[in-house]
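Q: Residue numbers (the numbering used here), protein chains in the order written: chain S, 1088 to 1626; chain X, 157 to 295; chain E, 33 to 362.
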Amino acid sequence: MAKEMKPNEIIQSINYTPPAKPWMELPVEIKPGMFCWGAKAKSLNILGLPNARDWNPSHEDWKLPENWKDTVLEGMADRLKKYRSFKLFMDICVRCGACADKCHFFLGSGDPKNMPVLRAELMRSVYRRYFTTPGKLLGKLGGARDLDINVLKEWWYYFFQCTECRRCSVFCPYGIDTAEITIMGREMLNLLGLNIEWIAGPASACYMKGNHLGLEPHTIKSNVEFMLDDIETVTGIKIDPPFNKKGADILFVTPSGDLFADPGTYTCMGYLMLFHELGLNYTWSTYASEGGNFGFFTSNETAKRLNYKIYAEAKRLGVKWILGGECGHMWRVLNQYMDTWNGPADFLEVPRSPITGTVFENAKGTKMVHIAEFTADLIRHGKLKLDPSRNDDLVVTYHDSCNTARGMGILEEPRYIIRNICNNFYEMPEDTIREKTFCCGSGSGLNAGEDMDLRMKGGLARANAVRYVQQRYGVNMLANICAIDRAALTTSMNYWCPGVGVTGVHEMVANALVMKGEKPRETNLRGEPLPAKGGEGNV
Amino acid sequence: MYNGGKIIIGLAIFLGIATLPFFSNIGTAVKRPEPSLDTPVIKEVQAQLGRKDVCVEPKAFMQANHMRLLNEWRDSALRQNKRLYISSDGRKFTISLQNTCMHCHSNKKEFCDRCHNYMAVKPYCWDCHIAPKERGGQS
Amino acid sequence: MSAFVSFAAVVALVLLAILGVKGAGLTGLFGVAIPYAALAIFIVGFLARIVKWGRVPVPFRIPTTCGQQKSLPWIKQNKIENPSGTLGVLARMFLEVFFFRSLFRNLKGELREGPKIAYGSDKWLWMAGLAFHWTFLIILIRHLRFFIFNVPPAVGLVERLDSFLQIGAPLLYITDVVFLAAVLFLLIRRFYIPQVKYISLAADYFPLFLILGIGCSGVLMRYFLKVNVVGVKNLTMGLATFNPVVPQGLGTIFYVHLFLISVLFAYFPFSKLMHSGGVFLSPTRNLSNNSRIVRHINPWNYPVHVHTYEEYENDFREKMKAAGIPVEKE
């Protein structure tokens, strides 16, 4: 493992001017720190994915099957017939370049192949060569090139340097979405067993054990019990949440990251406290214990296989509807894919908040509600007693997750909650939030340890905007509604803007929540002393 | 086809626009206009010079360039007060729309308008000049 | 290199027309046969291309949402940027097609001292793109006077508005100037902006040079070299009424103009210019974000291997029981 780059080394390495040599003549260089380890045989075997073997991307030999080229081209032909997005986006790009500097990986690395248009051209060049007449006739002049092992490696390197965040697609005059191209690229790479272990491992764990972290049922319960002890210490209230309870009204599904490591665990404590306070008849599930879906970063089929559990478990437990926790790509999948894959959810009821009576008309098909919608509705109806001053030591800014912003549009709900639970909230510059939000730099399964240079380069754009509000308003807390954000941004904040912490919105909700019968709180959920009442916050 | 209905509507609109010229002329008698040179003055000049092509410049030039010549004449007469034009074959003319051009071409409707109508151009000569009164004739 | 090849190709096309007409006298070929063939290729090719796209299903509902979703009744939805119904989609598509809404958002990111990345609004591409497409459309409409015998009043109105400055004779069209300026801008930025230069292919330069050639030959013909327009309309009306005539004495420049247009039409369906039809089919723009309300159907959705609860409980039954988690089979 090479030494990780320091912040000033990354800054100095950025050069937005492309090299003199045309990109087709620039062979790919698999740089340490910029890629993740290859998927292990074990993980691929569990999922029944092809060409399972142990391999090392930095080695010359990737142990590919003899006919790998045919496999890729057949895979491409197949997908061109299945996805209009893919076919269309291969054909209509005019290379206007509007997307070029919209990608966080380009902004943080200057690598021209990280410009969305060029990332797509990596594939388009092959598409033209084998699927279009001008490409077949004109060859290189027609922007076409042969598929060879170097091209394949280039695909692998750069399709695992895209977080499928869709920011480029916001600016494209035809809506060309690089995420679609990356998704197709990864599908084809997976036909050859060319996944990364950071995705294949969690996906296989999720398949067998119900969640990415591979937490077994009893571990889930004991992890939650640890949190319950902490909650009792802070609030004096003992909570006894139900697991796999038949006949509950609501099934709660959240990313397993929240069960495992802080600051996600604090968010999880927030859910537990909120549901307890409401007296909600809900249940956790150890089988559908994952909201996220690393299958989505593998292939459509894998994603569907992992997603199956949510409806299946809702049906088995006989709940009325499903509530989903704070997570980014989980909601892209739930909003845009789940019902299509595994629906219709005709065994469930149209979601209705048992507390406020609000019927969630916008979820009447999937029967799945986002917790930010749920909580915003509670606050709007005055059902929560909140003391925002408990969060007075926080100067908060809010990070929109790529997927909830651009694959769903959940923008105001979390902001409404934040304004009601803390007194110091400042937005980052307009060009870096809402639909123009920047990726944390580690999404789509890239938040491994071995690709830290890539992650920090990709995280620069987000961190840069945070630092702006840090310097201007003294922001010290970055709120978000995504489990990967909570893990990834913690690292990137320490790296780029030390002094800024990361929190889930529901951690702040729980800190502000005045619960029935609670003891006077002295600390927040992190065990840090609460700010003095009416005085200065101890920042 | 998927979303076939919408796509077919779109394609029909495209086809309609792309073939608009073909449809819009159905049932119209399309004839190339022939501006008439049949005026007494022109006949007189033709007889005098003993040839057909008697305008200030040759016919082919006038067909493509008359508007430019008129524009130059206007600038010359009104802005520089120069009213003498010597044609390429050495004849002298007074620069004047009313008194020179329209003197020969006294048949605006059969001369000017025929082509202008065909081409759907509306020269702004008559914004300032008084259009000549004509005897009968149809536009 | 690819820019040079594209430029040379357009020059060659111009020479071909000049040689063909002036040298070989092939006015019938260049004035009638090639334009008909080009239009046929354009129409059939365009339709075929769209049908080809249309035959591919849209398996998932994947709009790029650029505003607040439809949510609780008291949260204001952005009905255009995040539509949940047909009307919103129509509005979104209208803004996209006619005003390039997405490109209007364009920003320029710069790395500055600090270090910090700063973003500035960058509307030049949007402006030039809009100017180019709109003037192209107006010019096309103006040209209808060559193809419709009884020119509709609307076409005349467009012409009069376009020439209201009353400069020169024939009157100068504002769109001619803006069009050439916009094409030049779009061409120059391909050389000037390093990233754009880096991604540009021959397929990007060629249409620009070709369209520039069309614009220049048209401007030359109207304002400088002059042709007998009555003769031109004689030919074009012949084409439009399937009664082709080739009048004598049309200037070579006319044939150059017509030939370059024919090439553009014939090239169109095989090129990136099909973005004109493609934008209407773009699933990130033409779908409403209502997949939580109505189930979107994937026509090739197929059953997959899953890990059922039963299998899961079989794996973990003892551990679940020990932890006090309810199980189906004791």
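The beta-carbon is built from N, C-alpha and C at its ideal position, and this holds for glycine as well.
For Arg81/E, which residues in the same chain have their Cβ closer than 6 Å to its Cβ, ignoring the five residues on either side in sequence?
A: So the list reads Pro301, Met306, once near-sequence residues are dropped.
Q: Out of Ala1375/S, Gly1262/S, Arg1403/S, which one is the CA nearest neighbour of Gly1412/S?
A: Looking at the Cα atoms, Ala1375/S is the closest of the given residues.
Q: Can you list, in chain order, the residues of the region 79-93 of chain E whose Cβ is nearer than 9 Å to any Cβ on chain S?
A: The region 79-93 of chain E vs chain S, Cβ under 9 Å: Arg81, Lys84, Trp85, Gly86, Arg87, Val88, Pro89, Val90, Pro91, Phe92, Arg93.
Q: May I ask which residues mark the beginning and end of the alpha helix (DSSP H) holding Ala1335/S?
A: Here Ala1335/S belongs to no alpha helix (DSSP H), and DSSP marks it neither H nor E.
Q: Closer than 9 Å, Cβ to any Cβ of chain E: which residues of the region 236-255 of chain X, in chain order?
A: The region 236-255 of chain X vs chain E, Cβ under 9 Å: nothing.
Q: At least one CB of chain E closer than 8 Å to the CB of Arg1467/S: is that the case?
A: Yes, because at least one Cβ of chain E sits closer than 8 Å to the Cβ of Arg1467/S.
Q: Determine, for Val121/E, whether the minimum Cβ-Cβ distance to residues of chain X falls below 8 Å.
A: Closer than 8 Å: no.
Q: Alpha carbon to alpha carbon, how far is Cys1180/S from Val311/E? Give it in angstroms, no decimals.
A: Each residue's alpha carbon lies about 10 Å from the other.
Q: For the structure I just gave you, are there three or more beta carbon pairs, one from the region 1347-1361 of chain S and one from the region 1590-1601 of chain S, closer than 8 Å?
A: In short, these stretches touch, since the Cβ pair count reaches three.
Q: Just to make sure I have the definition right: I need the residues of chain E whose C-beta is within less than 7 Å of the C-beta of Ala1187/S. Which are they?
A: Going along chain E in sequence order, the residues near Ala1187/S (Cβ under 7 Å) are Gln227.
Q: Compute the distance between the beta-carbons of Asn1331/S and Thr1370/S, then report whether it is under 8 Å.
A: Yes, the pair counts as a contact, with Cβ atoms nearer than the cut-off.
Q: By the criterion of Cβ-Cβ separation under 9 Å, what are the contact partners of Arg177/E in chain X?
A: Chain X residues near Arg177/E: Met275, Ala276, Val277.
Q: Is it the case that the Cβ atoms of Ser1145/S and Phe1384/S are separated by a distance below 8 Å?
A: Taking 8 Å as the Cβ cut-off, Ser1145/S and Phe1384/S do not qualify as a contacting pair.
Q: Suppose you measure from the CA of Pro1328/S to the CA of Trp1149/S; what does that come to, to the nearest Å?
A: In a straight line, the C-alpha of Pro1328/S is about 48 Å away from that of Trp1149/S.
Q: For Ala168/X, decide whether its Cβ has a neighbour in chain E, counting only Cβ atoms nearer than 8 Å.
A: So, not an interface residue.
Q: Could you list which residues in chain E have their beta carbon closer than 7 Å to that of Arg1171/S, in chain order?
A: Those are Trp85, Val88, Pro89, Val90, Leu313, Pro315, listed as they occur along chain E.
Q: Considering only the alpha carbon of each residue, which of Cys1259/S, Val1204/S, Gly1222/S lies closest to Phe1246/S?
A: Measuring from the Cα of Phe1246/S, the nearest candidate turns out to be Val1204/S.
Q: Tell me whether Ala41/E sits in a helix, a strand or coil according to DSSP, three-state version.
A: Residue state, collapsed to three classes: helix.
Q: Can you give me the C-alpha to C-alpha distance between His285/X and Gly183/X, rounded to a whole angstrom?
A: Whole-angstrom Cα-Cα distance: 37 Å.
Q: Checking contacts by CB at 8 Å: is Val186/X closer than that to chain E?
A: Yes - at least one Cβ of chain E is within 8 Å of the one on Val186/X.
Q: Please look up how many angstroms separate the CB atoms of Glu1514/S and Ile1508/S, rounded, as I've assumed it's under 8 Å.
A: Between Ile1508/S and Glu1514/S the Cβ distance is about 16 Å, and since that is not below 8 Å, they are no contact.
Q: Does the beta carbon of Lys304/E sit closer than 8 Å to a beta carbon anywhere in chain X?
A: False, the Cβ-Cβ gap to chain X never drops below 8 Å.
Q: Unbroken alpha helix (DSSP H) runs of length 4 or more, entirely within the region 184-268 of chain X: which are they?
A: Whole alpha helix (DSSP H) segments, 4+ residues: 196-205, 215-230.
Q: Let me check understanding here. Comparing Cα to Cα, which of Met159/E, Ile180/E, Asn114/E, Val187/E lies closest to Phe217/E?
A: Closest option to Phe217/E, Cα to Cα, is Met159/E.
Q: Quickly, what does DSSP pair Gly1042/S with across the bridge? List them, please.
A: Absent from the structure is residue 1042/S, since the part of chain S shown begins at 1088 and ends at 1626.
Q: Kindly indicate which residue of Pro185/E, Glu145/E, Glu113/E, Lys102/E has the alpha-carbon position closest to the one of Asn1095/S.
A: Out of Pro185/E, Glu145/E, Glu113/E, Lys102/E, Glu145/E has the C-alpha closest to the C-alpha of Asn1095/S.
Q: With a CB to CB cut of under 8 Å and the five nearest residues on each side skipped, what residues in its chain are close to Phe1173/S?
A: Counting only Cβ-Cβ distances below 8 Å, and skipping sequence neighbours, we find Arg1166, Leu1167, Glu1267, Ile1268, Met1271.
Q: Taking only the alpha-carbon atoms, compute the straight-line gap between Ile325/E and Lys1454/S and give it to the nearest angstrom.
A: Looking at the two C-alpha atoms, the distance is approximately 8 Å.
Q: What does the alpha-carbon distance come out to for the pair Arg254/E and Ala235/E?
A: Rounded to whole angstroms, Arg254/E to Ala235/E spans 29 Å at the Cα level.
Q: Where DSSP assigns a beta bridge to Trp1371/S, which residues make up the other side?
A: Answer is Phe1330/S, Phe1339/S, bridged to Trp1371/S.
Q: In the DSSP output, what is Glu142/E paired with across the bridge?
A: Per DSSP, Ala150/E.
Q: Assign Pro1075/S to one of three DSSP states: helix, strand, or coil.
A: Nothing about residue 1075/S can be read from this structure; chain S reaches only from 1088 to 1626.
Q: State the beta-bridge partners of Thr1590/S as determined by DSSP.
A: Its beta-bridge partners are Ala1566/S.
Q: Tell me, which residues are paired with Leu1473/S by DSSP?
A: Paired residue(s): Leu1600/S.
Q: Taking the DSSP output, what are the residues bridged to Gly1125/S?
A: Answer is Ile1283/S.
Q: Is the CB of Glu1388/S under 8 Å away from at least one CB in chain E?
A: Answer yes: the Cβ-Cβ gap between Glu1388/S and chain E drops below 8 Å somewhere.
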